[in-house]
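Below you'll find the structure, written out as structure tokens, and then a few comments.
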Amino acid sequence: MAAKSLTVVVSQSPSKNPAKRHLEEELVAALMLDETVDVAVVPHLYNLDAAHSGTMFLQSMRGHLVVLSWMYPRAAHWLLDRAGIKGHQGETLLEDPDEDEDIEIPEPQGIGGVELPDRNVYCLDLGVDSDPQVFLEEISRIVGELSVETVELMDWISGSPEQEQLERYLDPLSVLTGESGVEPVKRRWYPVIDYERCTNCMECIDFCLFGVYGVDNFERILVEQQDNCKKGCPACSRVCPENAIVFPQHKEPAVAGALGDVGALKIDLSRLFGSTSGIDTAVAERDVELMRDGREAVGASVGMPKRQADRDSTKRDDLDDLFDGLDAMNL
Ligand code: SF4
Ligand code: SF4
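Positions 659 to 989 (my numbering) are the ones given, in order, by the sequence shown.
What follows is the structure, encoded as structure tokens:
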């Protein structure tokens, strides 16, 4: 079996929305007829944990990848990177029709990825169009851009004890129909760090009181205990000064990884709750989670060393309003 120049991975929607399923099926059917690409289907990337065979399958792929998922590209890219599916960010020409073209995106100043293999990973957001042709044309363009020779089958296939288990992902129709025996996934909720933006300032590790963050061997911030994160809580994304923390399933595009600034959201929520800043919102969200765990609320007195210096942590009036607002919205 020879590997083709490019593997296209379709990551399924976490919902059973028929329109989304239909788009996935149409894409897979067309890509299976395309002699220039291999195609695989995996469950929703965000819900795959490290032990899932879908994660191991993706880690085993050595060549260039196109990953089609129901997430903003930077969310998908850094989610994959965290799972050890690394590569240089391939540039896509697909445009999000909801994106405000007037927004100025500052040049990223972050610490970037490490140990990147010599390949590209192109992440395409399936949410930008319902027409499969749009994605197929972009994949053709990428194939032309790469112009890679057909290579011999990647090392992982031969002799691997998990060969059969992993190969089933290259039988996409069986995954789509649920006949492949792929183990089910549960919904998860955790932050994803965009290292193109992250400056390693450590504000998030100080702020989160639930043990989610840690540091890696290079002393870089890391989402270490993903499943300690509190479902639905996006608090640390409001605290990060670089807008580097993404929650791919959050309903607000800026938090979910759209290219705009989370600052816009911070201002909107602040107005809604009658508070003075997005930091207050984050503090209130964190206190709600602490109290749900049976712990004491700490307000702004803990975990914001750089910000605590210039704020009065005893000022609680605005926060009382925030609690009322959060409870009412069930955030
Ligand atoms: S707060 Fe943001 S920029 Fe600072 S270390 Fe955390 S993710 Fe990186
Ligand atoms: S959202 Fe809340 S619980 Fe999750 S990592 Fe951020 S601060 Fe911690």
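Beta carbons: idealized from backbone N, C-alpha and C, even for Gly.
Best match in the options for proximity to residue i [C-alpha to C-alpha]
i, options, result
"Gly748", "Arg732, Arg846, Arg740", "Arg732"
"Asp951", "Val960, Pro830, Lys889, Leu751", "Lys889"
"Asn901", "Arg878, Asn875, Gly936, Asp885", "Gly936"
"Pro766", "Val700, Leu706, Pro899, Ser718", "Pro899"
"Val840", "Leu794, Thr713, Thr665", "Thr713"
"Glu795", "Thr750, Pro892, Arg777", "Thr750"
"Leu828", "Asn875, Glu693, Phe715", "Phe715"
"Asp885", "Ser838, Ile800, Tyr848, Pro790", "Tyr848"
"Arg720", "Ser838, Thr665, Val772", "Thr665"
"Asp776", "Leu804, Phe876, Leu917", "Leu804"
"Val772", "Ser838, Ser718, Asp707, Asn875", "Asn875"
"Thr694", "Pro911, Pro672, Glu820, Ile800", "Ile800"
"Glu996", "Gln717, Asp707, Pro911", "Only positions 659 to 989 of the chain appear in the structure, and residue 996 is not among them; the question remains open."
Beta-carbon proximity of residue i to residue j, cut-off 8 Å
i, j, result
"Arg896", "Thr939", "yes"
"Gly957", "Val941", "yes"
"Glu861", "Gly768", "no"
"Ser788", "Leu681", "yes"
"Ala955", "Met949", "yes"
"Val667", "Leu726", "yes"
"Val786", "Leu723", "no"
"Arg826", "Asn705", "no"
"Leu834", "Glu943", "no"
"Cys866", "Cys894", "yes"
"Leu917", "Pro790", "no"
Pairwise C-alpha distance: residue j and residue i
i, j, result
"Leu923", "Asp696", "Note on Leu923: pLDDT 47, under 50, position unreliable in the model; the coordinate value appears next. Approximately 40 Å between the Cα atoms of the pair."
"Val946", "Phe868", "12 Å"
"Lys674", "Ser959", "43 Å"
"Thr808", "Ser663", "Only weak support is given to the placement of Thr808: the predicted model assigns it a pLDDT of 49, under 50, and the value that follows is read from those uncertain coordinates. Spanning the two alpha carbons is a distance of roughly 5 Å."
"Tyr730", "Glu822", "32 Å"
"Lys909", "Ala687", "30 Å"
"Leu824", "Ala709", "13 Å"
"Arg878", "Leu691", "43 Å"
"Gly770", "Gly836", "37 Å"
"Cys887", "Val699", "27 Å"
"Leu703", "Leu689", "20 Å"
"Arg679", "Gly802", "28 Å"
"Pro764", "Leu752", "20 Å"
"Leu831", "Asp864", "46 Å"
"Cys781", "Gln670", "14 Å"
"Gln883", "Pro906", "17 Å"
"Ser711", "Pro911", "30 Å"
"Arg953", "Ser838", "44 Å"
"Asp756", "Pro672", "22 Å"
"Ala734", "Asp707", "14 Å"
Cβ distance (whole Å) where residue i is taken to contact residue j below 8 Å
i, j, result
"Trp728", "Val904", "Actually they are not in contact, since the Cβ atoms of Trp728 and Val904 sit about 14 Å apart, beyond 8 Å."
"Ile851", "Val870", "Not a contact, Cβ separation roughly 11 Å."
"Gly745", "Leu774", "6 Å"
"Asp739", "Asp783", "With a Cβ gap of about 17 Å, Asp739 and Asp783 do not count as contacting."
"Pro701", "Val843", "5 Å"
"Val913", "Pro892", "5 Å"
Proximity test, Cβ basis, 8 Å: residue i and chain B
i, result
"Leu752", "In the structure shown, chain B does not exist; there is a single protein chain."
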